[in-house]
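There are 2 protein chains.
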Amino acid sequence: MRFEQIMGVTLKELATKLALSPTTVSRALNGYPEVNAQTRQRVLDAARAANYHPNMRAKSLATGQSRAIGHVIPISTSHEIVNPIFADFIAGAGENYSRAGYDMVLSVVPDADEEATYRNLVARGSVDGLMVHGPLLQDSRIALLQGLGIPFMVHGRSSGVNTPYSWLDINNRRSFCRATEFLLDLGHTRIALVNGLESMDFAMRRRSGYLDALHAAGIAPDPMLMRSSEMTEPYGHKAGRELLALPQPPTAFLASSMIVAYGLRRALTDAGLKLGRDVSVIAHDDDLSYMPNGLDVPQFTATCSSVRAAGRKAAEMLLTLVGNPDHPPLTHLMETQLVLGYSTGRNRT
Amino acid sequence: MRFEQIMGVTLKELATKLALSPTTVSRALNGYPEVNAQTRQRVLDAARAANYHPNMRAKSLATGQSRAIGHVIPISTSHEIVNPIFADFIAGAGENYSRAGYDMVLSVVPDADEEATYRNLVARGSVDGLMVHGPLLQDSRIALLQGLGIPFMVHGRSSGVNTPYSWLDINNRRSFCRATEFLLDLGHTRIALVNGLESMDFAMRRRSGYLDALHAAGIAPDPMLMRSSEMTEPYGHKAGRELLALPQPPTAFLASSMIVAYGLRRALTDAGLKLGRDVSVIAHDDDLSYMPNGLDVPQFTATCSSVRAAGRKAAEMLLTLVGNPDHPPLTHLMETQLVLGYSTGRNRT
DNA sequence: TTGAAAGCGCTAACAC
DNA sequence: GTGTTAGCGCTTTCAA
Numbered sequence: 110m111r112f113e114q115i116m117g118v119t120l121k122e123l124a125t126k127l128a129l130s131p132t133t134v135s136r137a138l139n140g141y142p143e144v145n146a147q148t149r150q151r152v153l154d155a156a157r158a159a160n161y162h163p164n165m166r167a168k169s170l171a172t173g174q175s176r177a178i179g180h181v182i183p184i185s186t187s188h189e190i191v192n193p194i195f196a197d198f199i200a201g202a203g204e205n206y207s208r209a210g211y212d213m214v215l216s217v218v219p220d221a222d223e224e225a226t227y228r229n230l231v232a233r234g235s236v237d238g239l240m241v242h243g244p245l246l247q248d249s250r251i252a253l254l255q256g257l258g259i260p261f262m263v264h265g266r267s268s269g270v271n272t273p274y275s276w277l278d279i280n281n282r283r284s285f286c287r288a289t290e291f292l293l294d295l296g297h298t299r300i301a302l303v304n305g306l307e308s309m310d311f312a313m314r315r316r317s318g319y320l321d322a323l324h325a326a327g328i329a330p331d332p333m334l335m336r337s338s339e340m341t342e343p344y345g346h347k348a349g350r351e352l353l354a355l356p357q358p359p360t361a362f363l364a365s366s367m368i369v370a371y372g373l374r375r376a377l378t379d380a381g382l383k384l385g386r387d388v389s390v391i392a393h394d395d396d397l398s399y400m401p402n403g404l405d406v407p408q409f410t411a412t413c414s415s416v417r418a419a420g421r422k423a424a425e426m427l428l429t430l431v432g433n434p435d436h437p438p439l440t441h442l443m444e445t446q447l448v449l450g451y452s453t454g455r456n457r458t
Numbered sequence: 110m111r112f113e114q115i116m117g118v119t120l121k122e123l124a125t126k127l128a129l130s131p132t133t134v135s136r137a138l139n140g141y142p143e144v145n146a147q148t149r150q151r152v153l154d155a156a157r158a159a160n161y162h163p164n165m166r167a168k169s170l171a172t173g174q175s176r177a178i179g180h181v182i183p184i185s186t187s188h189e190i191v192n193p194i195f196a197d198f199i200a201g202a203g204e205n206y207s208r209a210g211y212d213m214v215l216s217v218v219p220d221a222d223e224e225a226t227y228r229n230l231v232a233r234g235s236v237d238g239l240m241v242h243g244p245l246l247q248d249s250r251i252a253l254l255q256g257l258g259i260p261f262m263v264h265g266r267s268s269g270v271n272t273p274y275s276w277l278d279i280n281n282r283r284s285f286c287r288a289t290e291f292l293l294d295l296g297h298t299r300i301a302l303v304n305g306l307e308s309m310d311f312a313m314r315r316r317s318g319y320l321d322a323l324h325a326a327g328i329a330p331d332p333m334l335m336r337s338s339e340m341t342e343p344y345g346h347k348a349g350r351e352l353l354a355l356p357q358p359p360t361a362f363l364a365s366s367m368i369v370a371y372g373l374r375r376a377l378t379d380a381g382l383k384l385g386r387d388v389s390v391i392a393h394d395d396d397l398s399y400m401p402n403g404l405d406v407p408q409f410t411a412t413c414s415s416v417r418a419a420g421r422k423a424a425e426m427l428l429t430l431v432g433n434p435d436h437p438p439l440t441h442l443m444e445t446q447l448v449l450g451y452s453t454g455r456n457r458t
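And the structure:
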């Protein structure tokens, strides 16, 4: 039987070999205090020698815990998984899971099946906790999971949900407010917002930060200067081209991601404009650390937050919740950094 | 006990409710033929009504199968997870796993722990099969997994490994050979290769495709025209700048990814060169489909392969192996497409 | 066609 | 400190 071939020693066999009961061996291995120090050492040595690894399935069944955390990725939101942000968050979270001895279960499912997937994962006992990605303004998953009674964390927030729940978010609103203020301080008055999809909660928050700053400066927002779409290079290019074609083009741009900024740059270059001389661009990116030498893109100023760190933190919080099921909701707001490039742009108005 | 709260009906309860034995219910649910059609229907109805979901842990323990596939991601290769290619492959694979009723277990671990992680996953019975990512020229993981006797698939190949194993790869060599031929046909003779890390097997294959084409054309490769590093925008920029500063700069570029091409483009633009007029660039990208309108970057020609499809295919193959443990190794080579942009460049020599 | 009984590998009362 | 016993929820002989 293939099974035998793969699996190693069992606890029972180990116990027999040691002339001990399975119970004692289990206790020794799991650090129960009542075990004799010598016995424990004997057991640990023998386990190591026999290359013993406990069977998690059996352990799970006996304890009622799976020691796994689930992440559900709906695939119709196809760009999300493609998005490095998403991947990096998973990477950060995964680090902490494995350190804590937890597995990460990733479910990639069609959008329509998402709810069923949550139900399944929980009912089948596959996971002890769940991470929710990419919350919308109105997100039904939160109520669903609260109903299922399983610990979960949301990466981001859902403005439409009023009951308390656990989340970790970066301060998108503040980030875009500060970036806008920065451009205003440079003398810009026509500042374009090339935003992500505004059905996503984070994009709405960015927008409201931008609007807040304009409002505080007594500048009426111009709807023509606000764009919203999936964050891709071509989108940045198209938005840039269209914005520059306006009767009164913007003199500064707020880009929702670096990749959008690349597209924007293409449009600006095509139009014969020079970044940092004719126009200013501030890009937001969730992680610039993957760029050698940090922000090695002198024309851009950037607001950034390490999404990897966010993943780590979110995992840590979720594991806390899993360990203490009756713990009240945990929340964490991460501030972003404003990273200055070599040239920050000049007012052209 | 929290456990009770979350878990649904058990098979035993269902059996009691139906006045049947657990055995029969199990058989009915799992499609065993010997069950009376009426009984089966009754069971299925009741199961649906009670919202019954089998506990996977128990099922696993009883059957010796976990119905889960593992993917191990070493984090020191930090850029790999950041890499959309990786994420997209996972997404494709995940689709097929969930369709087949398998879970995907992702382990993100420090580089040094990678081998231990494989051993653990197998010994603890957490997975029925494994996917190996980012093979190096010499990759010890293949021998390790063969020793462990668990079905596995490699995404890519390891040239240094001679024993047969299952893999899925895209034809990197052919892709770069064709791209080079294309540039040669345009009249270019000084073609730069801005490659990925050549400790990675795929990068070496790309290089050899490039060299093959040059050789066939009777052109001696110039070491000064070949670069290799992590595929980032700044790398593309730096490489471009340096290459253009050569006494005899290249007139065409082969970029290892779109993001590298963006950096390259920055360098070219800075130097006052116009893509498609002064220089030609061909970029390879594993998936351009996430760009609306396909290749909406007219200056570039691209060779591409859908990595998502690769993930799907690899998962399908792996599941075949998991289902038939004694199946001989499966291999699959995917061809890439040469996608022509609007302008493909002109020879300047 | 159905059921009884044993067992997957481990943990957790409860005794001793 | 250690062992005995029962059981987690399911599958699987074997018998009926």
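Protein chains in written order, with this note's numbering: chain A, 110 to 458; chain G, 110 to 458.
Glycine residues also receive a C-beta, built at the ideal position from the N, C-alpha and C atoms.
Given residue i as reference, the closest of the options once Cα atoms are compared
{"i": "A:V236", "options": "A:S216, A:A221 and A:S249", "result": "A:S216"}
{"i": "A:S207", "options": "G:G201, G:P183 and G:Y206", "result": "G:P183"}
{"i": "A:R374", "options": "A:A419, A:T298 and A:H346", "result": "A:H346"}
{"i": "A:L253", "options": "A:V270, A:A288 and A:V144", "result": "A:V270"}
{"i": "G:E339", "options": "G:E351, G:R314, G:V369 and G:V134", "result": "G:V369"}
{"i": "G:Y344", "options": "G:Q357, G:G372 and G:T360", "result": "G:G372"}
{"i": "G:P434", "options": "G:K126, G:R417, G:T148 and G:L257", "result": "G:L257"}
{"i": "A:G381", "options": "A:A411, A:E444, A:L442 and A:G349", "result": "A:G349"}
Residue range of the beta strand (DSSP E) that includes residue i
{"i": "G:I368", "result": "First-last for G:I368: M367 to D379, but that is the alpha helix (DSSP H), not the beta strand (DSSP E)."}
{"i": "G:I300", "result": "I300 to N304"}
{"i": "A:A364", "result": "A361 to A364"}
{"i": "A:M262", "result": "F261 to H264"}
Contact check, residue i vs residue j, beta carbons under 8 Å
{"i": "A:D395", "j": "A:I194", "result": "yes"}
{"i": "A:A202", "j": "A:M213", "result": "yes"}
{"i": "G:Q247", "j": "G:S275", "result": "no"}
{"i": "G:D310", "j": "G:L239", "result": "no"}
{"i": "A:P332", "j": "A:P438", "result": "no"}
{"i": "A:G305", "j": "A:S365", "result": "yes"}
{"i": "G:T289", "j": "G:L323", "result": "yes"}
{"i": "A:L428", "j": "A:A200", "result": "no"}
{"i": "A:A468", "j": "A:L129", "result": "Past the boundaries of the shown model lies residue 468 of chain A; chain A is included only from 110 to 458, so the question cannot be answered."}
{"i": "G:L352", "j": "G:A419", "result": "no"}
{"i": "G:P260", "j": "G:L430", "result": "yes"}
Reduced DSSP category for residue i - H, G, I as helix; E, B as strand; rest coil
{"i": "G:V390", "result": "strand"}
{"i": "G:L355", "result": "coil"}
{"i": "G:G238", "result": "strand"}
{"i": "G:Q147", "result": "helix"}
{"i": "A:D278", "result": "strand"}
{"i": "A:L442", "result": "strand"}
{"i": "A:M335", "result": "strand"}
{"i": "A:P244", "result": "coil"}
{"i": "G:I182", "result": "strand"}
{"i": "A:E290", "result": "helix"}
{"i": "G:L120", "result": "helix"}
{"i": "A:H324", "result": "helix"}
{"i": "A:T272", "result": "coil"}
{"i": "G:D212", "result": "strand"}
{"i": "A:T410", "result": "strand"}
{"i": "A:P401", "result": "Note that A:P401 scores 44 on pLDDT, short of 50, meaning its location in the model is unreliable; the coordinates nonetheless yield the value given after this. In this structure, A:P401 counts as coil in the three-state DSSP scheme."}
{"i": "G:S187", "result": "Confidence at G:S187 is low in this model, with a pLDDT of 49, below 50, so its placement is unreliable and the value that follows should be read with caution. Helix."}
{"i": "G:M340", "result": "coil"}
Residue range of the alpha helix (DSSP H) that includes residue i
{"i": "G:A423", "result": "V416 to G432"}
{"i": "A:I251", "result": "R250 to L257"}
{"i": "A:S135", "result": "P131 to L138"}
{"i": "G:E223", "result": "E223 to A232"}
{"i": "A:L170", "result": "M165 to T172"}
*Residues of the stretch 208 to 229 of chain G with a CB closer than 7 Å to any CB of chain A: list them in chain order, please.*
Residues D212, M213, V214, L215, S216, V217, V218 and N229.
- [ ] Taking only beta carbons into account, state which residues of the stretch 233 to 247 of chain G come closer than 8 Å to chain A, listed in chain order.
- [x] Cβ contacts with chain A come from R233, G234 and S235.
Beta carbons nearer than 9 Å to chain G: which residues of the stretch 339 to 362 of chain A have them? In summary, the residues of the stretch 339 to 362 of chain A whose CB is separated from some CB of chain G by less than 9 Å are E339, T341, E342, P343, Y344, H346 and K347, in the order they occur in the chain.
request  = Using a Cβ-Cβ cut-off of less than 7 Å, give me the residues of the stretch 149 to 176 of chain G that come near chain A, in sequence order.
outcome  = From the stretch 149 to 176 of chain G, only H162, P163, N164, M165, R166, A167, S169, L170, G173 and S175 have a Cβ closer than 7 Å to chain A.
Practice task
Taking only beta carbons into account, state which residues of the stretch 365 to 397 of chain A come closer than 7 Å to chain G, listed in chain order.
Solution key: Those would be Y371 and T378, in chain order.
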